[in-house]
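Below you'll find the structure, written out as structure tokens, and then a few comments.
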Amino acid sequence: MSRTRTERLVNLVICLLSTRRFLTAAQIALTVPGYEHDPSDPRDHEAFQRKFERDKAELRELGVPLETGTASIFDQEPGYRIAQREYALPDILLEPDEAAAVGIAARLWQHAGLAAAASSGLAKLRAAGVEVDPQATLGVEPVVTVDPSFGPLTSAARERRAVTFKYRVPEVDEPSTRRLEPWGVVCWRGRWYVVGHDRDRAATRCFRLSRIVGEVKATGRPGAFEPPVGADLISHVARSSGPIARNGRATVTVRPGRAAGLRRMAAEVTPGPDGDRLTISYGDVDWLASRIAGYGPDARADGPPELRDAVIQHLKEMIARHETPAVPA
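Start counting the sequence shown at 1; every next residue gets the next number (the UniProt record's numbering).
Okay, structure coming up:
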């Protein structure tokens with residue numbers, strides 16, 4: 001999902017959570033950033049309707065309880081709202097490191113401009129005479145984890161600059177150099193991908209950010225290419241990824257009372273002398289390894305060997321990223 005669409009969906013959720021009234025599509029278009037259009041222009045209005053239908057379908061697929069109805073029997077046009085009683089989550093107990101991560105993500109949200117856009121949308125609702133509940137969206141907290149290459153790739157896609165990077169695939173030991181014209185970065189099934197034109201293969205390709213080794217380097221001048229109009233990056237990633245079969249079975253030992261995220265993934269938990277032994281089914285060894293590595297000394301991958309090797313590789317890369325070069329005396 002592109003950043004622009006993500007921001008639009010987040011603001012749509014905030015808008016619909018902030019009032020108990022049903023809002024019509026016209027009211028939403030005037031309120032939510034990203035839906036601006038000229039209603040008197042048939043083509044522009046039709047483009048808005050297609051975008052809005054896609055976004056409604058996306059929210060429902062994500063499990064957001066989007067309701068359709070009218071505020072009065074005299075209303076001619078149906079409206080939309082989110083049922084707060086169904087959307088609210090029960091109390092969630094977070095470990096200190098998890099709570100810190102949520103705080104960082106919230107700050108990332110603010111710095112990314114989402115908070116300002118959301119506040120602007122709510123101000124428009126109030127100006128239109130729609131009652132807004134300021135407490136309705138307190139539970140909307142983004143949890144964002146990105147790879148080191150996320151920033152350079154999104155910047156290159158925005159500036160229309162080509163990039164080069166080293167890329168590792170599971171069946172090959174040594175990473176290879178790729179030259180790409182990035183069209184955008186999207187999230188699919190909890191993983192980040194960059195999609196663009198592969199200059200060496202003269203074809204559209206997608207690359208998982210977690211498999212990029214080292215730095216992403218921008219080359220050439222800005223504005224060097226134009227992405228195809230209307231390119232559906234998510235669909236391309238979905239076609240390239242295919243279904244994920246969770247045939248792997250991992251054994252992970254975690255310290256007592258730690259690594260709540262891994263515990264939630266476990267099919268079995270067996271207490272042991274040096275910690276709790278978790279059995280986790282997985283389909284992507286690299287994805288699971290990155291999660292285990294994130295818990296540092298609180299989690300240890302016991303098997304299979306491919307998982308242990310992947311965790312070790314992730315830890316080496318983390319050390320390399322955070323090492324500071326020695327200063328000569």
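No residue lacks a Cβ here, since even glycine has one placed at the ideal position from N, Cα and C.
Classified as exposed, Glu268 has fewer than 16 neighbouring CB atoms from the shown chains inside 10 Å of its CB. Residue state for Leu288 is assigned as helix, using DSSP reduced to three classes. Apart from sequence neighbours up to five positions away, the residues of its chain that approach Ala156 with a beta-carbon distance below 6 Å are Val163, Pro182 and Ala218, ordered along the chain.
For Asp55, the uninterrupted alpha helix (DSSP H) run begins and ends at Pro42 to Glu61, by DSSP. Of all C-beta pairs linking the segment 269 to 281 to the segment 218 to 236, fewer than three are shorter than 8 Å, placing the two stretches out of contact.
For Val32, the closest C-alpha among the options Leu9, Ser290 and Arg239 is that of Leu9. Going by DSSP, Gly151 is part of no beta strand (DSSP E) but of the alpha helix (DSSP H) stretching over Phe150 to Glu159. The three-state secondary structure of Arg81, taken from DSSP, is strand. With three or more CB-CB distances shorter than 8 Å, the segment 294 to 303 counts as touching the segment 248 to 257.
As the crow flies, the alpha-carbon of Trp287 is around 21 Å from that of Arg178. In the DSSP assignment, Ala260 falls within the unbroken alpha helix (DSSP H) covering Ala260 to Met265. With respect to the C-alpha of Arg50, the residue from Gly34, Leu62 and Gly63 having the closest C-alpha is Gly34. Under DSSP, the beta-bridge partners assigned to Phe165 are Arg178. In this model, Ser40 and Tyr193 are separated by some 38 Å (Cα to Cα). Arg81 is a Cβ neighbour of Leu23, given a cutoff of 8 Å. In the three-state reduction of the DSSP assignment, Asp276 falls in the strand class. Inclusion of Val213 and Pro256 in the CB contact set at 8 Å is not warranted, their separation being larger than that value. The C-beta of Phe74 has fewer than 16 other C-beta atoms within 10 Å across all chains shown, which makes the residue exposed. Our two residues, Arg208 and Ala47, have alpha carbons roughly 31 Å apart in a direct line. By the Cβ-count criterion, Ser235 is exposed, with fewer than 16 other Cβ atoms from all chains shown falling within 10 Å of its own Cβ. Per DSSP, reduced to three states, the secondary structure at Val311 is helical.
In this structure, the alpha-carbon of Trp188 lies about 12 Å from that of Thr6. By the 16-neighbour rule on beta-carbons within 10 angstroms, Ala320 is exposed. Using a 10 angstroms sphere on the CB of Ile28, the tally of other CB atoms reaches 16 or more, which defines it as buried. C-alpha of Asn11 to C-alpha of Asp55: approximately 11 Å in a straight line. Non-local C-beta neighbours of Arg258 in its own chain, meaning closer than 6 Å and more than five positions away in sequence, comprise Asp298, ordered along the chain. By the Cβ neighbour-count rule, Thr68 is exposed, with fewer than 16 other Cβ atoms within 10 Å of its own. For Val64, the secondary structure class from DSSP, reduced to helix, strand or coil, is coil. DSSP, reduced to helix, strand and coil, places Asp232 outside both helices and strands of the structure shown, so it counts as coil. Ser210 and Arg199 have their alpha carbons spaced roughly 21 Å apart. Nearest to Gln76 by alpha-carbon distance, out of Val186, Glu61, Ala25 and Ser290, is Ala25. When DSSP states are grouped into helix, strand and coil, Val13 belongs to the helix group. DSSP places Ala299 within a strand segment (E or B) once states are collapsed to three.
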